[in-house]
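Take the sequence shown: its letter number 135 is residue 731 in our numbering, and every next letter is one higher.
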Amino acid sequence: MAIKKTTRPRPKPSKVYYQPTQPAMRRMQDALHRYDDVVSEVEGRWGVDRLVWLVGGDLRDRFEKQMDRLNAAIDKCDPSIEHEVDVTLRGVAALEAAAIASGAKPLSGDYVEGRMPDGRVIAITATGYEAGKVKRDNREMVVYSADEVGRIIEGLNKEAPVVDAIKNAFAGAEVQSVKPVKYDLDDEIPF
Numbered sequence: 597m598a599i600k601k602t603t604r605p606r607p608k609p610s611k612v613y614y615q616p617t618q619p620a621m622r623r624m625q626d627a628l629h630r631y632d633d634v635v636s637e638v639e640g641r642w643g644v645d646r647l648v649w650l651v652g653g654d655l656r657d658r659f660e661k662q663m664d665r666l667n668a669a670i671d672k673c674d675p676s677i678e679h680e681v682d683v684t685l686r687g688v689a690a691l692e693a694a695a696i697a698s699g700a701k702p703l704s705g706d707y708v709e710g711r712m713p714d715g716r717v718i719a720i721t722a723t724g725y726e727a728g729k730v731k732r733d734n735r736e737m738v739v740y741s742a743d744e745v746g747r748i749i750e751g752l753n754k755e756a757p758v759v760d761a762i763k764n765a766f767a768g769a770e771v772q773s774v775k776p777v778k779y780d781l782d783d784e785i786p787f
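Right, dumping it as structure tokens:
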């Protein structure tokens, strides 16, 4: 009787999640903390997510591809995180150098200050990027950008066209207070 040899099927690939050792995990965390520290410091000077828009498209595309590689390594908990962090930090330095070379200026933190009726201090900045810098530097202030103020006025003030017409007609007119108007259409006739 002939014995037929059978081959064992190949084992399926393991889909076990990679779990790094404790020392490897600490090295990856240290690299990510270093990345966060450097990027936070750069964003403090240039604004959050502003730097990539100050440089040319080619450098921006290369940096965003590198960010995708770093994020993929983080998602997989891949030990290559340390290398990807180093490459990404070189990319951040290249972005900053390219922005300076193109004549872009870091955030100045300039704002116009005023007093609110409740005594708090309000700061109005030219851009949203400046608003972020001013808020980080002055936690107690209420900070808005000029665009936000425009949207708030437009959204809250139904009488905005009337107020605009009055301010245009009388140069130097100043809004002293704002009171809500009650329209009670179902009120009783007083006689």
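C-beta: ideal position from N, C-alpha, C; glycine also.
Length of the line joining the Cα atoms of residue i and residue j
i      : j      : result
Val759 : Ile748 : 14 Å
Asp553 : Val717 : The requested residue 553 does not occur in the structure, where the chain is confined to residues 597 to 787.
Arg686 : Asp733 : 27 Å
Glu660 : Glu744 : 29 Å
Ala693 : Glu637 : 15 Å
Met663 : Ser773 : 49 Å
Arg735 : Pro607 : 59 Å
Gly705 : Asp782 : 51 Å
Tyr631 : Val681 : 6 Å
Lys600 : Leu666 : 52 Å
Glu784 : Ile720 : 45 Å
Gly751 : Asp714 : 22 Å
Gln618 : Asp626 : 12 Å
Pro786 : Ala722 : 51 Å
Glu639 : Ala689 : 12 Å
Same chain, Cβ closer than 6 Å to residue i, neighbours up to 5 away in sequence not counted
i      : result
Lys763 : Ala769
Arg641 : Pro702
Ala761 : none
Pro757 : none
Met624 : Ile677
Given residue i as reference, the closest of the options once Cα atoms are compared
i      : options                        : result
Pro616 : Trp642, Phe766, Glu784, Pro675 : Pro675
Leu703 : Ile696, Tyr725, Asp714, Val717 : Tyr725
Val683 : Gly643, Asp714, Val634, Asp671 : Val634
Glu647 : Ala695, Asp664, Ile677         : In the sequence as presented, Glu is not what sits at residue 647; that position holds Leu. Of Ala695, Asp664, Ile677, the residue nearest in Cα terms is Ala695.
Lys672 : Trp649, Thr603, Met621         : Met621
Ser698 : Asp706, Leu655, Ala669         : Leu655
Leu628 : Glu678, Val745, Gln618         : Glu678
Arg711 : Met737, Lys731, Thr723         : Met737
Ala700 : Pro786, Ala669, Arg623, Gly643 : Gly643
Buried or exposed by the 16-neighbour rule on C-beta atoms within 10 Å, applied to residue i
i      : result
Gly728 : buried
Val542 : Any answer about residue 542 is impossible in this case: the structure gives the chain only from 597 up to 787.
Phe766 : exposed
Thr603 : exposed
Gly746 : exposed
Gly653 : exposed
Val708 : exposed
Val730 : buried
Ala669 : buried
Any chain B beta carbon closer than 8 Å to residue i
i      : result
Arg716 : Reference to chain B is not applicable here, since this structure consists of a single protein chain.
Beta-carbon contacts of residue i that lie in its chain and below 8 Å, excluding the five residues immediately before and after
i      : result
Arg658 : Gly687
Ser741 : Ile720, Thr721, Ala722, Thr723, Gly724, Glu726, Ala727
Cβ shell of residue i (< 7 Å), same chain only, five flanking positions each side left out
i      : result
Leu691 : Leu647, Val648, Val651, Leu655, Phe659
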